[in-house]
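**Student:** Please see the structure below; I have some questions.
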């Protein structure tokens, strides 16, 4: 090896690893939902890794952070789930503005809207203004789910079936991981294949976009259906930040106001961005 090249390599290897302060914001805003802490399906370790590498000025928790439905039936709270809660509280203590918009699985928290807990503000819904001036309505989305609103017993029944699917998925992916295969979501696959589920998702997205349009917002940011998506619907930007059970995804706002969906890949521990788009101007109805 050339002596100069050798010297360069040795010098590079001797350099300390590049580090950064995880409390210094790298993004203006981060939106996450559907963590479902308290269930076996929650990918808490992946979420902790995401939070570590994605500090932000604003952190929105867009519902179903804690799964009260499942915790009422059986207690499941491993250390990793407690670590997630502590990480969120630490973000608030370190200066990030943390806003919690409860969903249907943590609806108990709706009794505490307009209160602060450990520096985290609880709100029924919220409005976020991006750097480039877009006003985004933030809501979990369950109010636009007809089953949740008008047949809650059916929602509980469906939740039990979904929990069973997640348990099967959990053990299936343990085997895949040992064999060197990446994470794969059974329930997400079924959603894509079942026509009724696809129709429900489409109706849900359109309903939320239309409501945001009616209220005069540029767009809406939601969760609930565990399907990350960002697209324009009738001049309104519809954003669903996904979940931390299946999609392992989040919505981020860059320092210049760009919105982007990011996915955590369990095997490589990296993120792969999908194309970001700009919203049209709001249309008043």
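In the numbering used here, the protein residues as written are 1 to 285. Glycine residues also receive a C-beta, built at the ideal position from the N, C-alpha and C atoms.
Would you report the Cα separation of residue 111 and residue 138, rounded to the nearest angstrom?
**Tutor:** Walking along the chain shown from the start, residue 111 turns up at place 111. Walking along the chain shown from the start, residue 138 turns up at place 138. Cα to Cα, the separation comes out at about 18 Å.
**Student:** How would you label residue 288, buried or exposed, when you count the other beta carbons within 10 angstroms and need 16 or more for buried?
**Tutor:** Any question about residue 288 goes unanswered here, given that the chain covers just 1 to 285.
**Student:** Apply the 10 Å Cβ neighbour rule to residue 265 and answer buried if 16 or more other Cβ atoms are within range, or exposed otherwise.
**Tutor:** In the chain shown, counting from the first residue as 1, residue 265 sits at position 265. Exposed, because fewer than 16 other Cβ atoms sit within 10 Å of the Cβ of residue 265.
**Student:** Taking three-plus beta-carbon pairs below 8 Å as touching, is the segment 233-248 in contact with the segment 204-224?
**Tutor:** Yes, they touch.
**Student:** Please determine, among 124, 64, 129, 39, the residue with the shortest C-alpha to C-alpha distance to residue 256.
**Tutor:** Taking the chain shown and counting its residues from 1, one reaches residue 256 at position 256. The candidate whose alpha carbon is nearest that of residue 256 is 129.
**Student:** Determine contact between the segment 56-72 and the segment 94-111, defined as no fewer than three beta-carbon pairs at a distance below 8 Å.
**Tutor:** Yes, the segment 56-72 touches the segment 94-111.
**Student:** Pick out the complete alpha helix (DSSP H) segments inside the segment 14-97, 4 residues or longer, and give them in chain order.
**Tutor:** Fully enclosed alpha helix (DSSP H) runs of 4 or longer: 44-53, 68-73, 79-93.
**Student:** Measure the alpha-carbon distance for residue 175 versus residue 94 and round it to whole angstroms.
**Tutor:** Taking the first residue of the chain shown as 1, we reach residue 175 at position 175. Taking the first residue of the chain shown as 1, we reach residue 94 at position 94. Taking the straight line joining both Cα atoms gives about 39 Å.
**Student:** Considering only the alpha carbon of each residue, which of 27, 52, 74 lies closest to residue 40?
**Tutor:** The count along the chain shown starts at 1 and reaches residue 40 at position 40. Nearest of 27, 52, 74 to residue 40, Cα basis: 74.
**Student:** What does DSSP give as the partner residue(s) for residue 100 in the beta ladder?
**Tutor:** Within the chain shown, residue 100 is the residue found at index 100, counting from 1. 61, 122.
**Student:** Quick one, are the C-beta atoms of residue 219 and residue 34 less than 8 Å apart?
**Tutor:** Position 219 of the chain shown, counted from the first residue, corresponds to residue 219. Position 34 of the chain shown, counted from the first residue, corresponds to residue 34. In this structure, residue 34 does not lie closer than 8 Å to residue 219 by Cβ.
**Student:** For residue 124, which of 118, 133, 131, 114 has the nearest alpha-carbon?
**Tutor:** Your numbering for residue 124 matches position 124 in the chain shown. Looking at the Cα atoms, 114 is the closest of the given residues.
**Student:** Looking only at C-alpha atoms, which of 228, 91, 236 sits nearest to residue 262?
**Tutor:** As a position in the chain shown, residue 262 is number 262, starting the count at 1. Cα-wise, what sits closest to residue 262 is 228.
**Student:** In terms of DSSP beta bridges, what is residue 129 paired with?
**Tutor:** For the purposes of this step, residue 129 is taken as residue 129 along the chain shown, with counting starting at 1. Per DSSP, 135.
**Student:** Who pairs with residue 244 in a beta bridge, going by DSSP?
**Tutor:** Position 244 of the chain shown, counted from the first residue, corresponds to residue 244. Answer by DSSP bridge pairing: none, since residue 244 is not bridged.
**Student:** Quick one: using the 10 Å Cβ neighbour count with 16 as the cut-off for buried, is residue 82 buried or exposed?
**Tutor:** Reading the chain shown from its first residue, position 82 is the one you call residue 82. Flag for residue 82 reads exposed.
**Student:** Should residue 28 and residue 57 be called a contact, given that it needs their Cβ atoms to be closer than 8 Å?
**Tutor:** In the chain shown, the residue the question calls residue 28 occupies position 28. In the chain shown, the residue the question calls residue 57 occupies position 57. Yes, they are a contact pair.
**Student:** Below 8 Å between beta carbons: does that hold for residue 71 and residue 32?
**Tutor:** Here the question's residue 71 lines up with position 71 in the chain shown. Here the question's residue 32 lines up with position 32 in the chain shown. Not closer than 8 Å, so no.
**Student:** Measure from the alpha carbon of residue 120 to the alpha carbon of each residue in 132, 59, 77, 248, then state which is nearest.
**Tutor:** Position 120 of the chain shown, counted from the first residue, corresponds to residue 120. If we check each option's Cα against that of residue 120, 59 comes out closest.
**Student:** Once DSSP output is grouped into helix, strand and coil, what is the label at residue 237?
**Tutor:** The residue you call residue 237 lines up with position 237 of the chain shown. If DSSP states are grouped into helix, strand and coil, residue 237 belongs with the strands.
**Student:** Quick check on this structure: which residue in 108, 50, 43, 226 has the alpha carbon closest to the alpha carbon of residue 183?
**Tutor:** Within the chain shown, the letter at position 183 stands for residue 183. Among 108, 50, 43, 226, the Cα nearest to that of residue 183 belongs to 43.
**Student:** Across which residues does DSSP place residue 231 in a beta bridge pair?
**Tutor:** In the chain shown, residue 231 corresponds to position 231, counting from 1. 238, per the DSSP bridge assignment.
**Student:** Span of the beta strand (DSSP E) holding residue 225?
**Tutor:** What you label residue 225 is simply residue 225 of the chain shown in a count that begins at 1. That residue, residue 225, is in no beta strand (DSSP E); it is neither H nor E in DSSP.
**Student:** What is the C-beta distance between residue 47 and residue 244, in whole angstroms, given that I count them as a contact (C-beta under 8 Å)?
**Tutor:** On the chain shown, residue 47 is found 47 positions in, with the first residue counted as 1. On the chain shown, residue 244 is found 244 positions in, with the first residue counted as 1. Yes, residue 47 and residue 244 are in contact; Cβ-Cβ is about 5 Å, under 8 Å.
**Student:** Closest by CA to residue 106, which one among 236, 210, 97, 37?
**Tutor:** Translated into the one-based positions of the chain shown, residue 106 becomes position 106. The residue with the shortest Cα to Cα distance from residue 106 is 37.
**Student:** If you count every other CB in all the chains shown that lies within 10 Å of the CB of residue 25, and 16 or more means buried, which is it?
**Tutor:** One-based indexing of the chain shown puts residue 25 at position 25. The residue in question, residue 25, is buried, as its Cβ has 16 or more Cβ neighbours within 10 Å.
**Student:** For residue 253, list the residues DSSP reports as bridge partners.
**Tutor:** Within the chain shown, the letter at position 253 stands for residue 253. DSSP output for residue 253 lists 29, 259 as bridge partner(s).
**Student:** If I'm right that residue 201 touches residue 225 with Cβ under 8 Å, what's the distance once you round it to whole angstroms?
**Tutor:** Position 201 of the chain shown, counted from the start, is the residue given in the question as residue 201. Position 225 of the chain shown, counted from the start, is the residue given in the question as residue 225. Indeed they touch by this definition, with Cβ atoms about 6 Å apart.
**Student:** Could you work out which residue in 118, 215, 76 is closest to residue 98 when comparing CA atoms only?
**Tutor:** Locating residue 98 in the chain shown gives position 98, counting from the first residue. Checked all of 118, 215, 76; the closest Cα to residue 98 is 118.
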